[in-house]
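Residue numbers (the UniProt record's numbering): 1 to 289.
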């Protein structure tokens, strides 16, 4: 029995020659082999290097020669990412699913702006989309917990959108009313409150506690209202955080309940015998589960 298990674990899956679609697909999309991890690590290093090159190229004080070198480096990475994208499509059986998937669109956007820059100028500075590909680091280094937490956060934000929408409408109503009031109070004697839109702008930056200082009230009543708005801002700013935090807690609670239900209804893959959630082996055939 032990010898049979040892022989089975020693068997390696044959993915064919290195130029076959199956082998290439396993290296590019796989992560459980040394080759797959090495490929992803090299890809991440290329992404980081290309982002640094484009970011440095945006500095105006560099010499013309340096800009030229960075320009060709960016094109080298663009061609590399283009080839990699084509190979990804070539090695897949369901090409449409990848092309229309989230990562498929991100992979396309990562090099497309550089080609568009030929016609539109500086669109290659949209390199920030390339950084989204860095999410693969969760898979490479086995950071599945962080990926799960990210999934909780994303689902919680989507669930919270209706509540956040109501909150934003309420804030918009508040700043419109406060801006109109401040325009009535300050408009005739304070040139910075020259219109209601500017007064609404003041109410927005005051309520959000940003306070640029470019528009300030000069009357005693206006300053009193400013104090009230700033204090109101500190109480309001915590509302979206509370909404999303509550949804995250609900998502985790639902996940724990689903896992508990799935664990309590486990069955042996060998003989189909029901298995208790705390058992590690099937009580009928002895297979590890």
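Just so it is clear, CB atoms sit at the ideal spot from N, CA and C, and this is done for glycine as well. Note that this is a predicted model, so its numbers are computed, not measured.
Taking contact to mean at least 3 C-beta pairs separated by less than 8 Å, is the region 73 to 92 in contact with the region 35 to 51? yes
Rank 77, 57, 78, 61 by C-alpha distance to the C-alpha of residue 68 and give the top, closest one. In the chain shown, the residue the question calls residue 68 occupies position 68. That would be 57, whose Cα lies nearest to the Cα of residue 68.
Candidates 231, 216, 160: closest to residue 186 by CA position: Residue 186 sits at position 186 when you count from the first residue of the chain shown. Answer by Cα proximity: 216.
Residue 244 and residue 171 closer than 8 Å at C-beta: Along the chain shown, one-based indexing puts residue 244 at 244. Along the chain shown, one-based indexing puts residue 171 at 171. No, Cβ-Cβ distance for residue 244 and residue 171 is not below 8 Å.
Measuring CB to CB, does residue 92 end up less than 8 Å from residue 46? Counting from one through the chain shown, the residue named residue 92 turns up at place 92. Counting from one through the chain shown, the residue named residue 46 turns up at place 46. Their beta carbons are not under 8 Å apart, which means residue 92 does not touch residue 46 by this criterion.
Can you tell me the Cα-Cα spacing of residue 247 and residue 160, whole angstroms? Mapped onto the chain shown, residue 247 falls at position 247. Mapped onto the chain shown, residue 160 falls at position 160. Cα to Cα, residue 247 sits roughly 7 Å from residue 160.
Under the three-state DSSP convention, the category residue 214 falls into: The sequence position of residue 214 within the chain shown is 214, counting from 1. If DSSP states are grouped into helix, strand and coil, residue 214 belongs with coil.
Using alpha carbons as the reference points, say which of 84, 212, 207 lies closest to residue 230. Taking the chain shown and counting its residues from 1, the one referred to as residue 230 is at position 230. For the residues 84, 212, 207, the minimum Cα distance to residue 230 belongs to 207.
Among residues of its own chain, excluding the 5 on either side of residue 106, which ones have a beta-carbon nearer than 7 Å to its beta-carbon? The count along the chain shown starts at 1 and reaches residue 106 at position 106. Same-chain partners within the cutoff: 129, 132, 133.
Can the beta-carbon of residue 225 be found less than 8 Å from the beta-carbon of residue 182? What you label residue 225 is simply residue 225 of the chain shown in a count that begins at 1. What you label residue 182 is simply residue 182 of the chain shown in a count that begins at 1. Their beta carbons are under 8 Å apart, which means residue 225 touches residue 182 by this criterion.
Within the region 23 to 94, note down every full alpha helix (DSSP H) run reaching 4 residues or more, in order along the chain. 34 to 57, 64 to 91
Work out the CA separation of residue 205 and residue 20 for me, nearest whole Å. Translated into the one-based positions of the chain shown, residue 20 becomes position 20. Translated into the one-based positions of the chain shown, residue 205 becomes position 205. C-alpha separation (whole angstroms): 59 Å.
Status (buried if at least 16 other CB within 10 Å, exposed otherwise) for residue 115: Along the chain shown, read from residue 1 onward, the residue named residue 115 stands at position 115. Its Cβ having fewer than 16 others within 10 Å, residue 115 is exposed.
Are the CB atoms of residue 89 and residue 103 nearer to each other than 8 Å? Counting from one through the chain shown, the residue named residue 89 turns up at place 89. Counting from one through the chain shown, the residue named residue 103 turns up at place 103. Not in contact: residue 89 and residue 103 (Cβ atoms no closer than 8 Å).
Tell me which residue opens and which closes the alpha helix (DSSP H) that residue 203 is part of. In the chain shown, residue 203 corresponds to position 203, counting from 1. Note, residue 203: alpha helix (DSSP H), 196 to 207.
CB residue 87 to CB residue 167, shorter than 8 Å? Here residue 87 is taken as the residue at index 87 of the chain shown, counted from 1. Here residue 167 is taken as the residue at index 167 of the chain shown, counted from 1. For residue 87 and residue 167, no; Cβs fall outside 8 Å.
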